[in-house]
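A.B. asks:
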């Protein structure tokens, strides 16, 4: 989906164009803040330390009872699993050392850019396909913020955890982290909640305004961090928030935009998500500029995946219980490259494979052979996690029948292309996916419907009008293996038998039409291709017949 006028894509070239000076200071004379007049401010062991004779630090013990009760309302709404390094999290992943260096550098430059650099947006959107490694990048950035002394507060959405799969705990969880390091902010928030005990039942916009924007507006650098805006909010997995109510995703985007556009706002916000249509539209509709990073090939993912795979193989050779059986020559260079190629620039495939090799009690040599299809798979599939992601994405499509035909036409066309040299002149153009389906059922299939199908599948493919690109090479394996895809399985010969008659009948009448180049050579190509797939279908029927006879006897 192309960026809107307000969205500024970030290029890897930008790494070399920024100034080396990254320090930004705000005019203390302008700030009107709950932290004004605080001096010698520093952080020690996640506690705010303020040395100020005029305004002694406020502690919870000095709060009125009503303020303590109001903070309890906040604590009750915190999603602890949404916070970095929370004990109950099952999705904690970080970037392998030496990988994603360019992207992390771009984000940190954005955080540290000059205070007088008005061209730098205060909202950054990190997006990419499913499995591109967005959460690993976000968690690595959050860890690095701690190491760099950057006050960053985070929320990690996760659809499988009901405590953090919706927008309700977002503001409370961010606030909880902020008040842990600032007694004065804690006092201000307690006062706000005491005056309006039902504020957490208000809209997301009101919560951001009343609990984040107004109490912290004009706040000077909390930790003396020399940046134009000292507080960074990291929100990961926005596409996993309120899956049945996409309105919440739009409301969060609008709320964080309103938060950062305030003149004395101390906030920068980094949002990470898949490039889902409703999220992309919400960002495009903002009046203020948004910086964007889309995780694609310009950031050299293959190099990073190769580093990751090599590092994981080294761990297996040291720590697996059968490591002593592994030869020095294992794995081969081809083994490593096969995993890198199949990953198609997305980390999810490589991570899934290496997790399977590491955790399986079987010999890693045998496990790798199963992954590569050289040995039969056991009941414990190497790809169970990956398959669950594919199945979930497909399950969210509105028109299941159309989506299945849409994908089948892509695989059908790929199969035809792979047999071009054997079947017909390679210069003969292939029918497009749109043409195949519109001939098969002209009353149903048109470009508008196919664009809608593609819109439901933006996490795993890109559709450019007539051509489709899978972000993951392993997606084809999933679709064509019934044991993995189940209801989403695509049988190419069966689909071919379904569409061939319509295409065959259409070819002669196209000779007089402007689009005849799409059908030139079609009868020869169809006849040859039809023979190949009819043979496959016939063999399958014969095997089924033999199996039925065996069962009968």
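Numbering (full-length UniProt numbering), first residue to last: 1 to 553. We put the beta carbon where it would ideally sit given N, CA and C, even for glycine.
Helix or strand or just coil, what does DSSP make of residue 468?
C.D. replies: Mapped onto the chain shown, residue 468 falls at position 468. Correct three-state label for residue 468: strand.
A.B. asks: What does a CB cutoff of less than 7 Å around residue 515 pick up in its chain, not counting 5 residues either side in sequence?
C.D. replies: Taking the chain shown and counting its residues from 1, the one referred to as residue 515 is at position 515. Residue confidence for residue 515 is low, a pLDDT of 46 falling below 50, so the modelled location carries little weight; the figure read from the coordinates is stated next. Correct list: empty, nothing qualifies.
A.B. asks: State the DSSP-derived secondary structure class of residue 400, mapped to helix, strand or coil.
C.D. replies: Within the chain shown, numbered from 1, the residue matching residue 400 stands at position 400. Three-state result, residue 400: helix.
A.B. asks: Do residue 131 and residue 305 have their C-beta atoms within less than 8 Å of each other?
C.D. replies: The residue labelled residue 131 in the question sits at position 131 within the chain shown. The residue labelled residue 305 in the question sits at position 305 within the chain shown. In this structure, residue 305 does not lie closer than 8 Å to residue 131 by Cβ.
A.B. asks: Where do the ends of the alpha helix (DSSP H) carrying residue 258 lie?
C.D. replies: Counted from its first residue, the chain shown places residue 258 at position 258. That run of the alpha helix (DSSP H) goes 247-261.
A.B. asks: Between residue 96 and residue 308, is the Cβ-Cβ spacing less than 8 Å?
C.D. replies: Translated into positions along the chain shown, residue 96 becomes position 96. Translated into positions along the chain shown, residue 308 becomes position 308. Against a cut-off of 8 Å, the Cβ pair of residue 308 and residue 96 comes out as a contact.
A.B. asks: Give the range of the beta strand (DSSP E) segment to which residue 462 is assigned.
C.D. replies: Along the chain shown, one-based indexing puts residue 462 at 462. Where residue 462 is concerned, the enclosing beta strand (DSSP E) stretches over 461-463.
A.B. asks: By how many angstroms is the C-alpha of residue 176 removed from the C-alpha of residue 496?
C.D. replies: By one-based count along the chain shown, residue 496 stands at place 496. By one-based count along the chain shown, residue 176 stands at place 176. So the alpha carbons of these two residues sit roughly 58 Å apart.
A.B. asks: Quick one: residues in its chain with C-beta nearer than 6 Å to the C-beta of residue 121, no 5 flanking neighbours on either side, listed in chain order?
C.D. replies: Residue numbering aside, residue 121 sits at position 121 when the chain shown is read from its first letter. Cβ within range, chain order: 289, 290 and 291.
A.B. asks: Comparing C-alpha positions only, which one of 156, 205, 460 and 467 sits nearest to residue 479?
C.D. replies: On the chain shown, residue 479 is found 479 positions in, with the first residue counted as 1. For residue 479, the nearest C-alpha among the options comes from 460.
A.B. asks: For residue 345, which option in 504, 235, 412 and 471 has the closest C-alpha, if you only look at C-alpha atoms?
C.D. replies: For this step, residue 345 is matched to residue 345 along the chain shown. Cα-wise, what sits closest to residue 345 is 471.
A.B. asks: Taking the Cβ atom as the reference point for each residue, do residue 356 and residue 236 lie within a distance shorter than 8 Å?
C.D. replies: Taking the chain shown and counting its residues from 1, one reaches residue 356 at position 356. Taking the chain shown and counting its residues from 1, one reaches residue 236 at position 236. No, the Cβ-Cβ distance between residue 356 and residue 236 is not below 8 Å.
A.B. asks: When the Cα of residue 489 is compared with those of 86, 172 and 475, which residue comes out closest?
C.D. replies: Counting from one through the chain shown, the residue named residue 489 turns up at place 489. For residue 489, the nearest C-alpha among the options comes from 475.
A.B. asks: What residues in its chain sit with their C-beta under 8 Å from that of residue 340, if we drop five residues either side in the sequence?
C.D. replies: Translated into positions along the chain shown, residue 340 becomes position 340. Excluding positions up to five away in sequence, the list reads 302, 305, 306, 309 and 350.
A.B. asks: In chain order, which continuous runs of the alpha helix (DSSP H) of length 4 or greater are located wholly inside the UniProt domain "NACHT" (122-240)?
C.D. replies: For the UniProt domain "NACHT" (122-240), whole alpha helix (DSSP H) runs of length 4 or above, ordered along the chain, are 134-148, 170-180, 183-195 and 204-207.
A.B. asks: According to DSSP, is residue 341 part of a helix, a strand, or is it coil?
C.D. replies: Within the chain shown, the letter at position 341 stands for residue 341. Three-state result, residue 341: helix.
A.B. asks: In three-state terms, what does DSSP make of residue 267?
C.D. replies: In the chain shown, the residue the question calls residue 267 occupies position 267. Looking at residue 267 - three-state DSSP - the assignment turns out to be strand.
A.B. asks: Starting from residue 598, follow its DSSP beta bridges and name the residues at the other end.
C.D. replies: The requested residue 598 is not part of the displayed model; the chain covers only 1 to 553.
A.B. asks: At the level of alpha carbons, what is the spacing between residue 331 and residue 318?
C.D. replies: Walking along the chain shown from the start, residue 331 turns up at place 331. Walking along the chain shown from the start, residue 318 turns up at place 318. Distance between the alpha carbons of residue 331 and residue 318 is about 13 Å.
A.B. asks: Could you pull the start and end residues of the alpha helix (DSSP H) that residue 302 belongs to?
C.D. replies: Taking the chain shown and counting its residues from 1, one reaches residue 302 at position 302. Element bounds for residue 302: 301-319.
A.B. asks: Out of 269, 249 and 248, which has the shortest C-alpha to C-alpha gap to residue 257?
C.D. replies: The residue given as residue 257 occupies position 257 in the chain shown. The shortest Cα separation from residue 257 among 269, 249 and 248 belongs to 269.
A.B. asks: Mind checking which residues open and close the alpha helix (DSSP H) that includes residue 490?
C.D. replies: Residue mapping note: residue 490 aligns to position 490 of the chain shown, counting from 1. Unbroken run through residue 490: none, as it is neither H nor E.
A.B. asks: Near residue 465, what residues of its chain come up, given a Cβ to Cβ distance below 6 Å and the 5 sequence neighbours on each side ignored?
C.D. replies: For this step, residue 465 is matched to residue 465 along the chain shown. No residues qualify anywhere along the chain.
A.B. asks: Going straight from the alpha carbon of residue 376 to that of residue 370, what length do you get?
C.D. replies: Translated into positions along the chain shown, residue 376 becomes position 376. Translated into positions along the chain shown, residue 370 becomes position 370. Residue 376 and residue 370: Cα-Cα distance of roughly 6 Å.
A.B. asks: Does DSSP classify residue 37 as helix, strand or coil?
C.D. replies: On the chain shown, residue 37 is found 37 positions in, with the first residue counted as 1. For residue 37, the predicted structure reports a pLDDT of 43, less than 50, and the residue's modelled location is therefore unreliable. A value from the coordinates is still provided. Coil at residue 37, not helix or strand.
A.B. asks: Let me know if residue 149 comes out buried or exposed under the rule of 16 or more other beta-carbons within 10 Å of its beta-carbon.
C.D. replies: Position 149 of the chain shown, counting from 1, holds the residue named residue 149. Exposed, since its Cβ has fewer than 16 Cβ neighbours within 10 Å.
A.B. asks: To the nearest angstrom, how far is it from the Cα of residue 166 to the Cα of residue 200?
C.D. replies: Residue mapping note: residue 166 aligns to position 166 of the chain shown, counting from 1. Residue mapping note: residue 200 aligns to position 200 of the chain shown, counting from 1. Distance between the alpha carbons of residue 166 and residue 200 is about 14 Å.
A.B. asks: Classify residue 280 as helix, strand or coil using the three-state DSSP reduction.
C.D. replies: The residue you call residue 280 lines up with position 280 of the chain shown. The answer is helix: DSSP assigns residue 280 an H, G or I state.
A.B. asks: Alpha carbons only, please: which of 439, 368 and 392 is nearest the one belonging to residue 240?
C.D. replies: As a first step, residue 240 is located in the chain shown; it is residue number 240 there, counting from the start. Out of 439, 368 and 392, 392 has the C-alpha closest to the C-alpha of residue 240.
A.B. asks: Does at least one heavy atom of the ligand GTP sit under 7 Å from the Cβ of residue 131?
C.D. replies: Absence of the ligand GTP from the depicted structure is noted, as is the absence of any ligand whatsoever, leaving it without description.
A.B. asks: Thinking C-beta only, is residue 320 closer than 8 Å to residue 381?
C.D. replies: Position 381 of the chain shown holds residue 381. Position 320 of the chain shown holds residue 320. Not closer than 8 Å, so no.
A.B. asks: Enumerate in chain order the residues of its own chain whose CB-to-CB distance from residue 77 is below 6 Å, with the five nearest sequence positions on each side excluded.
C.D. replies: Position 77 of the chain shown, counting from 1, holds the residue named residue 77. Hits under 6 Å: 169, 172 and 200.
A.B. asks: Taking the alpha carbon of residue 469 as the reference point, which residue from 485, 414, 487 and 498 has its own alpha carbon closest?
C.D. replies: Reading the chain shown from its first residue, position 469 is the one you call residue 469. Closest option to residue 469, Cα to Cα, is 414.
A.B. asks: Whole angstroms are fine: how far does the CA of residue 275 sit from the CA of residue 133?
C.D. replies: The sequence position of residue 133 within the chain shown is 133, counting from 1. The sequence position of residue 275 within the chain shown is 275, counting from 1. Going from the Cα of residue 133 to the Cα of residue 275 covers about 13 Å.
A.B. asks: Count the other C-beta atoms from every protein chain shown that fall within 10 angstroms of the C-beta of residue 75, then say buried if there are 16 or more, exposed otherwise.
C.D. replies: The residue labelled residue 75 in the question sits at position 75 within the chain shown. Result: exposed.
A.B. asks: Helix, strand or coil, according to DSSP, for residue 77 in the structure here?
C.D. replies: The residue labelled residue 77 in the question sits at position 77 within the chain shown. Three-state result, residue 77: coil.
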